[in-house]
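Protein chains in written order, with my numbering: chain A, 86 to 227; chain B, 86 to 227; chain C, 86 to 227; chain D, 86 to 227.
We treat Cβ as the ideally placed atom computed from N, Cα and C, and that holds for glycine.
Below is one structure, written out as structure tokens; comments come after it.
There are 4 protein chains.
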Amino acid sequence: MFTNVIQPRFSETDALGHINNNTYGIWFEAARESIYKIFIPDLDAKKFNLIMAHCSYDFLAEVFFGKEVIIKTIVEKIGNSSFNLAHAVYQDGHLCTTSKSVMIHFNHQKKKSVIIPEHIREELEKNIYTHSWPVKLQDLNT
Amino acid sequence: MFTNVIQPRFSETDALGHINNNTYGIWFEAARESIYKIFIPDLDAKKFNLIMAHCSYDFLAEVFFGKEVIIKTIVEKIGNSSFNLAHAVYQDGHLCTTSKSVMIHFNHQKKKSVIIPEHIREELEKNIYTHSWPVKLQDLNT
Amino acid sequence: MFTNVIQPRFSETDALGHINNNTYGIWFEAARESIYKIFIPDLDAKKFNLIMAHCSYDFLAEVFFGKEVIIKTIVEKIGNSSFNLAHAVYQDGHLCTTSKSVMIHFNHQKKKSVIIPEHIREELEKNIYTHSWPVKLQDLNT
Amino acid sequence: MFTNVIQPRFSETDALGHINNNTYGIWFEAARESIYKIFIPDLDAKKFNLIMAHCSYDFLAEVFFGKEVIIKTIVEKIGNSSFNLAHAVYQDGHLCTTSKSVMIHFNHQKKKSVIIPEHIREELEKNIYTHSWPVKLQDLNT
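Okay, here's the thing in structure tokens:
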């Protein structure tokens, strides 16, 4: 499980006074950096070899500017050339947003999916989370 | 069915050379303006009374800067205080992205959902789409 | 002079209830598309050969969601490998924002500036604006 | 002087493979949070009482995804109801971007500027920077 602490930015709010729902995808992208590093250790954008096939969001409670946000990210499942992630957003002792996504290991020159190499699969497997999800509030800091 | 034509902005691309997947939610928000107007005819942000409960995206093909994008939006279903939308993105003769969302008629002061009034429901019902979805390419301009 | 009409997007507002000041740069980038086309007629992002060296913004009045915005863009000056633009934002009969920018004709492989070719210079020169700037409200639709 | 360390987000890049120039304003807004706290200690967006009147940017070198960015922020000058800030962006041992902005202490209900109270002025004055600006690379970590 990966943990990211994010300080909401004022520009990420909208006229409803809360974080705009388009912001969460940007936060989750930031939260996937540890996973990107497994595929591209130097994070060189030119070597980027992942693409998103699907994602979904459930907005459970509003998130506000001015208080830090905790994002938990887990690997749910690993396929031949794809893997499934789940994200959860917590603020001020509340679970606020959950999200799932499917990422594909992808060759951008050939425009086709590529089998995940064994050494990367092993790293991803270390992060498969088999406990109850989303993480309970009392377990947030563990 | 609502049709929006959007010119992708250069800042909406990312280092992979295509439209970043976080851009689609912003386009769909723009595409919902006709639906917002049913609820708030003058579009005064202070009267905004909708909130998103859920959304999902399927990324089928890349979208690029420099060519216009057609977005089709339909009402799928209307509940007591919520309704379901679907969006589809087309560029250059391809279906590129599909999305579904659940919107809730919401009182932001009381922080609770509100039944959709009859005159608004009637307007929404006019936009329920019962044909095959997503719209086929040959029917895009109809 | 180039004219763009933009519909503000809800996600472009912030918690102050107005358009966030980081939005204007994105609108001006969209407004420069006619200028980009002079340099890259097919707008292929891979051929992009402009870079911004400088920009400034003066925020004169708030802009709101729900009413269209008119953006006027002019060429102010053309140098050997650079040129100066000015933008102005109008909403609801008010001048709201002005901006200036310096763009450089740039070779991204060699990472150096490139002299503006004669046929492009001629096109740019057609758009040099020598009247009073920013355009007066009564002249907005001319 | 305030120091912020920011991890560039993939969605902040553009098709040129570098950080899009519209991203810097968002980073500087994040970097102003320490200054916002002087005015609104609990950072409640509803109490927000600052507005930007002017800003400018000089883009000196590209910034890339995958390496952290250091942002230095100083108070340059304090007026009756406004104050001037300067920001500088460093990555990988290079000064990449500089920026100046003018912020106004503002009453959003009455839509007018408000004199900066004495206790806030004293806090701002502690951050006036009178050394050579932008900070030299060898002094970045001091």
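- Only those residues of the region 131–143 of chain A whose C-beta falls short of 8 Å from the nearest C-beta of chain B are listed: K131, F133, I136, M137, A138, H139, C140, S141, Y142 and D143.
- By the Cβ criterion, the region 120–135 of chain C is not in contact with the region 108–126 of chain D, since fewer than three pairs of Cβ atoms, one from each stretch, lie closer than 8 Å.
- A100, L101, N106 and N107: these are the residues of the region 95–109 of chain D whose beta carbon lies less than 7 Å from some beta carbon of chain C, given in chain order.
- Of the candidates A:L145, A:I189, A:E208 and A:E207, A:I189 places its Cα closest to the Cα of V199 of chain A.
- Comparing alpha carbon positions, the residue from A:Q92, A:F87, A:E97 and A:N134 closest to K195 of chain A is A:N134.
- Just measuring C-alpha positions, the residue of B:M86, B:I156, B:K131 and B:I213 sitting nearest T108 of chain B is B:I156.
- Short of 8 Å from the beta carbon of N106 of chain C, and not among the five residues preceding or following it, lie these beta carbons of its own chain, in chain order: Y142 and F144.
- Non-local C-beta neighbours of D99 of chain B in its own chain, meaning closer than 6 Å and more than five positions away in sequence, comprise N105, ordered along the chain.
- Of the residues assessed, S96 of chain A falls on the buried side of the cut-off, its CB having 16 or more other CB atoms within 10 angstroms.
- Within the same chain, Cβ atoms closer than 8 Å to the Cβ of R206 of chain D are found at I163, the five residues on either side in sequence being excluded.
- Taking 9 Å as the cut-off, the beta carbon of K197 of chain A is found no closer than this to the beta carbon of H139 of chain A.
- The alpha-carbon separation between F168 of chain D and F191 of chain D amounts to approximately 12 Å.
- Within chain A, A100 have C-beta atoms less than 7 Å from the C-beta of F150 of chain C, given in sequence order.
- H193 of chain B belongs to the set of residues whose beta carbon lies under 9 Å from a beta carbon in chain A.
- Uninterrupted beta strand (DSSP E) stretches at least 3 residues long and entirely within the region 105–157 of chain A occur at 135–144, given in chain order.
- Residue pairing by DSSP places Q176 of chain D opposite D:V154 and D:H179 in a beta bridge.
- By the neighbour-count definition (other C-beta atoms within 10 Å, threshold 16), V148 of chain D is a buried residue.
- For L170 of chain A, the secondary structure class from DSSP, reduced to helix, strand or coil, is strand.
- Secondary structure of H204 of chain B (DSSP, three-state): helix.
- Beta-bridge partners of K196 of chain B (DSSP): none assigned.
- By the 16-neighbour rule on beta-carbons within 10 angstroms, Q176 of chain A is buried.
- In terms of Cα proximity to K152 of chain D, the closest of D:Y214, D:R94 and D:S217 is D:R94.
- Closest in C-alpha terms to V187 of chain D, from the list D:H193, D:I91, D:L222 and D:E114, comes D:E114.
- Distance from the CA atom of C181 of chain C to the CA atom of G110 of chain A, rounded to whole angstroms, is 31 Å.
- Pairing H103 of chain D with I201 of chain B, the inter-Cα distance amounts to about 46 Å.
- The C-beta of I123 of chain B comes no closer than 9 Å to any C-beta of chain A.
- The DSSP-derived three-state label of S184 of chain D is strand.
- Not a single CB atom of chain A sits nearer than 9 Å to the CB of Q176 of chain D.
- Per DSSP, N212 of chain B is not a residue of any beta strand (DSSP E), being assigned neither H nor E.
- Ranked by Cα distance from A146 of chain C, the options C:E203, C:V174 and C:F87 are led by C:V174.
- Of the residues assessed, T158 of chain B falls on the buried side of the cut-off, its CB having 16 or more other CB atoms within 10 angstroms.
- Just measuring C-alpha positions, the residue of C:I91, C:Q92 and C:V160 sitting nearest W218 of chain C is C:V160.
- In the DSSP assignment, F87 of chain D falls within the unbroken beta strand (DSSP E) covering F87 to I91.
- Looking only at D:L101, D:F150 and D:A130, the smallest Cα-Cα distance to D129 of chain C is reached by D:L101.
- The bridge partners DSSP lists for K162 of chain A are A:N169.
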